[in-house]
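**Q** Shown below is the structure under consideration.
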């Protein structure tokens with residue numbers, strides 16, 4: 455177990471009042487948000503630095519009192535749905551006082567006196583304040599064994615732990631069958647030793663490898679006394695909707711509902727898209743005159759302040775080398791093709807987010823269904839950059855709201871789809887509704903991407919992402 459703990463690195467808590475309409479008077483306090491740490495793992499440290507948004511958490515009895523204070527000070531405008539969610543979380547924060555899932559002996563493991571409180575699964579549309587309320591709750595929970603992670607990063611870490619445990623098994627002798635080994639329960643036990651509270655942001659399931667292990671993983675986490683609070687854009691019953699082999703995933707939903715209460719937070723307002731001071735021109739259309747020269751000049755102006763030269767940069771990601779053609783210090787100048795049109799993924803984007811505080815993304819094309827794979831990578835990229843307050847400068851073929859085009863497949867794409875369905879042994883009628891072929895999941899997720907990119911162009915976000923003084 456200790457090896458598992460030692461192999462991980464910190465993911466600090468950035469507690470920023472986001473997804474909420476902020477008044478200009480709040481800007482000086484808000485932009486000093488704490489920068490999230492980043493690395494190959496996500497569970498090694500608690501994020502115990504107090505929020506810089508206003509007063510430290512010790513100044514308030516809980517998240518609801520903190521929320522009321524922000525409203526009185528004019529930093530937030532009240533939202534009844536946010537208040538309702540915070541009332542529930544405020545009570546849960548009190549219920550968690552003194553709670554621990556430690557089991558010092560085998561006897562105490564099976565006869566623990568204190569039953570863990572039920573967690574919460576909070577869902578609603580993009581930009582309605584889900585991340586803000588979970589961060590506010592997390593900041594006030596009085597335990598050192600708490601972790602706040604992005605769900606995608608958490609699952610990457612789980613798969614790495616599984617791989618590590620499998621690699622540690624003795625080599626199979628020639629001519630002898632290897633004994634079946636299931637690493638899920640040991641991985642869940644490792645995680646439960648590190649945390650009694652897990653807070654997940656953006657709980658979503660799009661990967662079949664994740665979908666197939668979630669029931670067993672979370673059953674074991676819950677049995678080990680881990681309390682889960684999560685946010686998502688989807689209600690529980692819509693998770694992994696139309697996914698491959700979803701029938702094997704559905705039992706997880708029942709487990710989730712058994713251990714977590716469901717809360718809807720959806721006022722119908724995307725606070726990220728309300729009018730807020732812009733950081734200047736950060737989005738360019740490819741059709742604008744001299745756009746390449748303008749972006750070159752902007753990059754050079756930023757690079758001039760760096761203690762480095764403009765050069766290619768190689769990053770090491772899980773033993774692989776990811777090379778970016780143009781970078782200077784903490785600034786990377788990339789193309790869409792470089793970031794999303796080659797076999798890269800979440801771990802690469804997390805490493806980019808760790809190294810750079812500003813990323814140029816040039817030549818973003820229209821994202822049609824023929825580019826579903828590239829669209830998924832772009833969505834994952836923006837999620838990683840947003841989570842770690844990385845600033846972006848974009849050049850695209852169309853405005854943000856028009857980038858994703860939901861159109862019919864062409865003949866070649868139909869042929870590839872039919873070949874894949876035949877290989878999987880799935881009838882074409884059954885396959886026509888699967889999310890991986892319809893683009894439904896991408897359309898849904900891209901709404902979040904547009905909302906986040908809109909916030910990423912604000913002055914508040916841009917200033918908070920500057921790492922030069924940190």
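Residue numbers (the working numbering): 455 to 924.
By construction, the Cβ of each residue, glycine as well, lies at the ideal position given by its N, Cα and C atoms.
Quick caveat, the model's predicted, so the values are computed rather than measured.
So, is residue 570 buried or exposed, given that buried needs 16 or more other C-beta atoms within 10 angstroms?
**A** Buried is the call here.
**Q** Within the chosen definition, does the region 599-619 reach the region 654-669 through at least 3 CB pairs nearer than 8 Å?
**A** yes
**Q** Please determine, among 910, 711, 703 and 661, the residue with the shortest C-alpha to C-alpha distance to residue 831.
**A** 661
**Q** Tell me, please, whether the region 692-708 touches the region 810-818 by the rule of three or more beta-carbon pairs shorter than 8 Å.
**A** no
**Q** At which residues does the alpha helix (DSSP H) containing residue 665 begin and terminate?
**A** 662-665
**Q** Since residue 768 sits in a beta bridge, which residues does DSSP pair it with?
**A** Paired residues: 777.
**Q** Return the bridge partner residues of residue 786 from the DSSP annotation.
**A** 781 and 813
**Q** Please list, in chain order, all residues of the same chain as residue 684 whose beta carbon is under 6 Å from its beta carbon, the five residues on each side excluded.
**A** Hits under 6 Å: 575, 654 and 657.
**Q** Tell me whether residue 635 is buried or exposed, calling it buried when 16 or more other Cβ atoms sit within 10 Å of its Cβ.
**A** exposed
**Q** Identify the residues that DSSP records as bridge partners of residue 847: which are they?
**A** DSSP, once it has assigned bridges, lists 814 as partnering residue 847.
**Q** Please report the distance separating the alpha-carbon of residue 594 from that of residue 739.
**A** 43 Å
**Q** Taking DSSP as the reference, what is the three-state secondary structure of residue 688?
**A** coil
**Q** Is the number of C-beta pairs between the region 672-679 and the region 575-591 that are closer than 8 Å three or more?
**A** no
**Q** Below 8 Å, can you find three or more Cβ-Cβ pairs linking the region 799-807 to the region 768-781?
**A** Contact between the region 799-807 and the region 768-781 is present, because at least three Cβ pairs lie under 8 Å.
**Q** Quick check: what's the CA-CA separation for residue 705 versus residue 669?
**A** 7 Å
**Q** Pick out the complete beta strand (DSSP E) segments inside the region 516-592, 3 residues or longer, and give them in chain order.
**A** 573-577
**Q** For residue 905, count neighbouring C-beta atoms within 10 Å of its own C-beta (all shown protein chains included) and say buried if the count is 16 or more, exposed if not.
**A** buried
**Q** If we count the other Cβ atoms within 10 Å of its Cβ and call it buried at 16 or more, is residue 797 buried or exposed?
**A** exposed
**Q** Hey, residue 857 and residue 821 are a contact pair by Cβ (cut 8 Å); roughly how many whole angstroms apart?
**A** Right, the Cβ-Cβ distance comes to about 6 Å (below 8 Å), so this counts as a contact.
**Q** Among all the DSSP beta bridges, which residues are the ones paired with residue 601?
**A** 652
**Q** With residue 831 as the anchor, note down where its alpha helix (DSSP H) starts and where it stops.
**A** Where residue 831 is concerned, the enclosing alpha helix (DSSP H) stretches over 826-841.
**Q** For residue 434, count neighbouring C-beta atoms within 10 Å of its own C-beta (all shown protein chains included) and say buried if the count is 16 or more, exposed if not.
**A** As shown, the chain starts at 455 and ends at 924. That puts residue 434 outside it, with no answer to give.
**Q** Please name the residue in 786, 755, 757 and 539 whose C-alpha comes closest to that of residue 766.
**A** Among 786, 755, 757 and 539, the Cα nearest to that of residue 766 is on 786.
**Q** Quick check on DSSP: helix, strand or coil for residue 715?
**A** Residue state, collapsed to three classes: strand.
**Q** Could you give the first and the last residue of the continuous alpha helix (DSSP H) run that contains residue 672?
**A** 668-677
**Q** Note down the Cα distance separating residue 721 from residue 687, rounded to an integer number of angstroms.
**A** 13 Å
**Q** Measuring only the C-alpha atoms, how far is residue 912 from residue 678?
**A** Cα-Cα distance, rounded: 42 Å.
**Q** Could you spell out the range, first to last residue, of the beta strand (DSSP E) harbouring residue 737?
**A** 737-739
**Q** Assuming contact is defined by CB atoms lying nearer than 8 Å, are residue 581 and residue 725 in contact in what I supplied?
**A** yes
**Q** On the three-state DSSP scale, how would you describe residue 908?
**A** helix
**Q** In three-state terms, what does DSSP make of residue 659?
**A** coil
**Q** For residue 847 and residue 624, I'd like the C-alpha separation in whole angstroms.
**A** Approximately 49 Å between the Cα atoms of the pair.
**Q** Helix, strand or coil for residue 683 per DSSP?
**A** In this structure, residue 683 counts as strand in the three-state DSSP scheme.
**Q** Residues in its own chain within less than 7 Å of residue 640 by CB, not counting five upstream and five downstream?
**A** 619
**Q** Please state whether DSSP places residue 915 in a helix, a strand or coil.
**A** Correct three-state label for residue 915: helix.
**Q** If we ignore side chains and look at the alpha-carbon of each, how far apart do residue 543 and residue 521 end up?
**A** Going from the Cα of residue 543 to the Cα of residue 521 covers about 12 Å.
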